[in-house]
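Below you'll find the structure, written out as structure tokens, and then a few comments.
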Amino acid sequence: MPSIKLSSDSNITSNPHKFLDLYSMTELPDTHAWTPQPDHHECKCNDESVPIIDLNKENATEVIGHACRTWGVFQIINHNISQKLVDEVELAGKRLFSLPMQQKLRAARPHDGISGYGVARISSFFPKLMWSEGFTILGSPLQHALQLWPQDYHKFCDTIEKYQKEMKKLANRVMWLMLGSLGITELEDLNWGGGGCAALQLNSYPACPDPDRAMGLAAHTDSTILTILQQSNISGLQVTREGTVGWITVPPHPGALVIHVGDLMHILSNGLYPSVLHRAVVNRTGHRLSVAYLYGPPSSVKISPLTKLVDNLHPPLYRPITWSEYLGTKAKHFDKALTSVRLCAPRNGFVEDHNSVKVG
Ligand SMILES: C=C1C[C@]23C[C@H]1CC[C@H]2[C@@]12CCC[C@@](C)(C(=O)O1)[C@H]2[C@@H]3C(=O)O
Ligand SMILES: O=C(O)CCC(=O)C(=O)O
Ligand SMILES: [Fe+2]
């Protein structure tokens, strides 16, 4: 699998020494105390909920198109990923995060790298630390598994590799459903050769003594074409929606996987499918684990608005950019990354970029 790299001038650093063992905390330390917000847990005023889409239904393409235009997020059922595999990956994550801190730090994400154990890479943009720890896997999990379990690395590798293989097929299928809903059906519209690239992100949110003042993962959009998220049966994912005030919880639905529209789909669709702003909150009693499959193009492929969506009335809104370049831009500009690759001001009928992430 081709690798994705982050440009070296990134200001996102991983600092393992910032790491506290969150599992043993009985009080929220000041380093992790965010300013409480009235809407922190959920806005009860929204009665609409994130769509749940059955991939076996004939109208799946249209329904997905509608969800991408109006939500940027949806849940899918009948996706053919077995519950057994989903449970195995969750268990593998639980095993990993329950290792002693010293052992996890053996696989710490290097200063200028993408993969390994660490605090959320967007941490440097926020004054407080998040109540979570993460593990990013690019390509083969072998190197990290050897660092974590020198003798007993097979089990972790087998599970992760099986999951990556299944997720890749599903991500490609969902991407083509999204593109189909934009009228794009031919391969020459998307010259990707062997298919996309991906990162697998395991997120762990320990039970928190003061959840209203803590933040699991701060508001962000994903720098992907799309993300497939498995959240355990504990609630925590929240999204925003254009035209609606506050945060909307995406409740765990048995057997469902969550799909996020990412920034690169936002660019491909010339703003028709805006990426979804989301975050994760924590709770007092349950240890929550989520697994994100962050799907993007092969690293050297330039992404730009699809030619079929561009004409005199609809000029391209974004300049061509590779995934690696975009990750570098995101690392520098974070929530202004999309705007920084924008070519011209939005015209009527186009959706504005998200550029108002709340801090604190
Ligand atoms: C391929 C990706 C996508 C990354 C960077 C790199 C590897 C890890 C991904 C995440 C996962 C957690 C949220 C996020 C915001 C983060 O901090 O790390 C993501 C980020 C992005 O979507 O920008
Ligand atoms: O834990 C969650 O529900 C969200 C995780 C997430 O947004 C990510 O990994 O990009
Ligand atoms: Fe995300």
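Residue numbers for the sequence shown follow the UniProt record's numbering, beginning at 1 and rising by one.
Virtual Cβ for every residue (Gly too), placed ideally from N, Cα, C.
Other residues of its chain near ILE122: CB distance less than 6 angstroms, five sequence neighbours each side excluded: HIS220
Start and end residues, beta strand (DSSP E) containing PRO74: According to the sequence shown, residue 74 is Phe rather than Pro. Its beta strand (DSSP E) spans residues 73 to 77.
Nearest candidate by alpha-carbon position, reference SER140, set ILE184, LYS308, LYS332 and SER115: SER115
Integer Cβ distance of ILE259 from VAL63, believed to fall under 8 angstroms: So it is not a contact: roughly 12 angstroms between Cβ atoms.
Cutoff 6 angstroms; reference VAL276; Cβ partners in own chain excluding five residues on either side: GLY72, VAL73, VAL239, HIS260 and VAL261
Identity of the residue in ALA218, ILE225, THR26 and LEU148 nearest VAL301 by Cα: ILE225
Sufficient close CB pairs (3 or more, under 8 angstroms) joining the stretch 205 to 212 to the stretch 304 to 317: no
Closer than 8 angstroms: TYR205 CB and nearest ligand 2 heavy atom: yes
Option in LEU91, ILE234 and PRO150 with minimal Cα separation from ARG106: PRO150
Integer Cβ distance of GLY236 from VAL291, believed to fall under 8 angstroms: That pair is no contact at about 13 angstroms.
Rounded separation between LEU268 and ASP112 - CA only: 28 angstroms
Rounded straight-line distance, which links the Cα of VAL89 to that of LEU96: 11 angstroms
Span of the beta strand (DSSP E) around GLU133: 133 to 138
GLY255 - partner residues in DSSP beta bridges: In the DSSP output, where bridge partners are listed per residue, GLY255 has none listed.
Any non-hydrogen atom of ligand 1 closer than 8 angstroms to GLY69 Cβ: The question names Gly, but residue 69 in the sequence shown is Arg. Because no heavy atom of ligand 1 lies under 8 angstroms away, the Cβ of ARG69 does not count as near it: no.
Rounded C-alpha distance that separates ASN56 from ASN78: 6 angstroms
Between the CA atoms of ARG319 and HIS287 - distance to the nearest angstrom: 41 angstroms
Segments of 3+ residues assigned as beta strand (DSSP E) that fall wholly inside the UniProt domain "Fe2OG dioxygenase" (195 to 297): 197 to 205, 217 to 220, 226 to 231, 237 to 239, 257 to 261, 278 to 280 and 288 to 296
Residue from ASP30, ARG342 and TYR205 with nearest C-alpha to PHE135: TYR205
C-alpha distance - GLU352 paired with TRP247, whole-angstrom precision: Unreliable positioning characterises GLU352 in this predicted model, as indicated by a pLDDT of 46, which lies under 50. The coordinate reading is nonetheless provided below. The alpha-carbon atoms of GLU352 and TRP247 are separated by roughly 18 angstroms.
LEU257 Cβ short of 8 angstroms to ligand 3 heavy atom set: no
Cutoff 7 angstroms; reference TYR293; Cβ partners in own chain excluding five residues on either side: MET167, ALA171, ALA198, LEU200, THR227 and ILE228
Euclidean distance between Cα positions of VAL341 and LEU182: 22 angstroms
Euclidean distance between Cα positions of TYR295 and VAL174: 11 angstroms
Neighbourhood of VAL357 by C-beta, 8 angstroms cutoff - its chain only, sequence neighbours within 5 removed: Because the pLDDT at VAL357 is just 35, under 50, the model does not fix this residue reliably, and the point stays unresolved.
Status (buried if at least 16 other CB within 10 Å, exposed otherwise) for SER232: buried
CB contact flag (LEU257, GLN83, <9 angstroms): no
Identity of the residue in ASN59, ALA60, LEU91 and ALA120 nearest ARG279 by Cα: ALA120
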